[in-house]
């Protein structure tokens, strides 16, 4: 929700540089998220700045990798601070090609922030390329750079953000959970099972569904979908 946009948070995430274009990522700091792909944008777009929100096994490695660039690490956030981080961005970056449900993408769109996401997994089910956001071939760093350059135009960015928010608001429980009945169903369960239990192969469907359902409700609550109370836990392990 854009009401959570905060100049205080923008200043923190831009490290006191008001003219910087703020790219934000929220989620697990793991190798599978392909966050290193974003470095090319920092190298080729002079006013681009990156804020990474979250924690994970690759946090120390990423801090070394992005050392000397315009990158800020906030650690894990929750509640209104997390909402402000989403809403205060100029663009949300999702280079990962392993996302199955893309809930953080929906959260960003609901905040009126355009998403530049990998054209893989469940993300193409959410973003209409060039209209409500951008889809980029995983690993195509030049395409990420080109998309950021387009979003430098404030009028273009704000118009895309409004369309993104309208699309996110169109989603409800029926639409969001429909992905569990399409081709993403099995991949989502296996991926979630591995993260939640450290297991391999096929999960025991009933238990995995209960936990996956809880996480779905948590996100929809944050998006204020009618019938789902707002959960204050964070998205760090999504």
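In the UniProt record's numbering, the protein residues as written are 1 to 238. Think of the CB as a built atom: it goes at the ideal place given N, C-alpha and C, for glycine as much as any other residue. The structure displayed is predicted, hence computed values, not measured ones.
Assignment of beta-bridge partners to residue 153 by DSSP yields no partner.
Sequence-distant Cβ neighbours of residue 89 in its own chain, meaning closer than 6 Å and more than five residues away, are 22, 24 and 113. Taking every protein chain shown into account, the CB of residue 46 has fewer than 16 other CB atoms within 10 angstroms, so this residue is exposed. The C-beta separation of residue 42 from residue 73 comes to about 14 Å, leaving the pair out of contact by the 8 Å criterion. Under the three-state reduction of DSSP, residue 165 is assigned to helix. Burial check for residue 95: the Cβ neighbour count within 10 Å reaches 16 or more, so the residue is buried. Annotated as distal: residue 56 and residue 104, with beta-carbon spacing of 7 Å or more. The three-state reading of DSSP puts residue 116 in strand, counting E and B together.
Residue environment for residue 121: buried (at least 16 other C-beta atoms within 10 angstroms of its C-beta). Per DSSP, residue 87 is one residue of the alpha helix (DSSP H) stretching across 79-87. Boundaries of the beta strand (DSSP E) harbouring residue 73: 71-75, taken from the DSSP string.
Spatial neighbours of residue 102 in its own chain (CB-CB distance under 8 Å, excluding positions within 5 residues in sequence) are listed in chain order as 94, 117, 121, 122, 123, 125 and 126. Linking residue 134 to residue 149 through their CA atoms gives a straight-line distance of about 12 Å. Here residue 26 carries a strand assignment [DSSP, helix/strand/coil]. For residue 160 against residue 132, the beta-carbon gap comes to about 7 Å, under 8 Å, which counts as contact. In this chain, residue 49 is not harboured by any alpha helix (DSSP H); it is covered by the beta strand (DSSP E) spanning 48-53.
A direct Cα-Cα distance of roughly 19 Å separates residue 138 from residue 106.
Here residue 60 carries a helix assignment [DSSP, helix/strand/coil].
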